[in-house]
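Worksheet for the structure shown next.
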């Protein structure tokens, strides 16, 4: 239900510059925390899995780090909307939006992989990322609030225990949010 509402809102808002900018305000400080957590630099190649019609995370990564960003989303309509938003913002030299599935994408050229809150099936996407990742890859995963987990695709504690040697996390804070924390998994 949350996922469906978000998709609808993003697709509608993506047609209007003012609404796009207002929608993006929520992400500015959130992405700033993620950049600090994963130590993202301008020389990094960043992949955002699950960009939606307004790829706010990718936009903020590009603005705040000047890194090259690729966004993948499995919704073709969202991909077209996102391309228009990126072009309108003049960021098409920094952000590339493609259609694809996170559980199939080749992550080889990327240093940082960001997995959006609403990505589904999240554990399969992470299995793909983890199997293909190389030493030094940083994987950022947004985690839903405990009371909202039933509305999202999640990753199991077993996946983390069996695969990941080092996990860092930061709290998103107490303001109204669908997220509790942001995980950073690093391949070592």
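Residue numbers (our numbering): 92 to 279. From the three backbone atoms N, C-alpha and C, an ideal C-beta is built for every residue, glycine too.
{"Item": "Just verifying my parser: in three-state terms, what is the DSSP assignment at residue 164?", "Value": "strand"}
{"Item": "Which same chain residues, not among the five before or five after residue 255, have their C-beta less than 6 Å away from its C-beta?", "Value": "276"}
{"Item": "Measuring straight from C-alpha to C-alpha, what distance separates residue 237 and residue 258?", "Value": "18 Å"}
{"Item": "Identify every residue that forms a DSSP beta bridge with residue 277.", "Value": "229"}
{"Item": "Contact check, residue 210 vs residue 216 under 8 Å by CB: the rounded distance?", "Value": "6 Å"}
{"Item": "With the cut-off set at 8 Å, would you say residue 158 and residue 131 are in Cβ contact?", "Value": "yes"}
{"Item": "Verify whether the separation of the beta carbon atoms of residue 114 and residue 160 is less than 8 Å.", "Value": "no"}
{"Item": "My assumption, with CB atoms under 8 Å, is that residue 164 sits in contact with residue 143. Please give the rounded CB distance.", "Value": "6 Å"}
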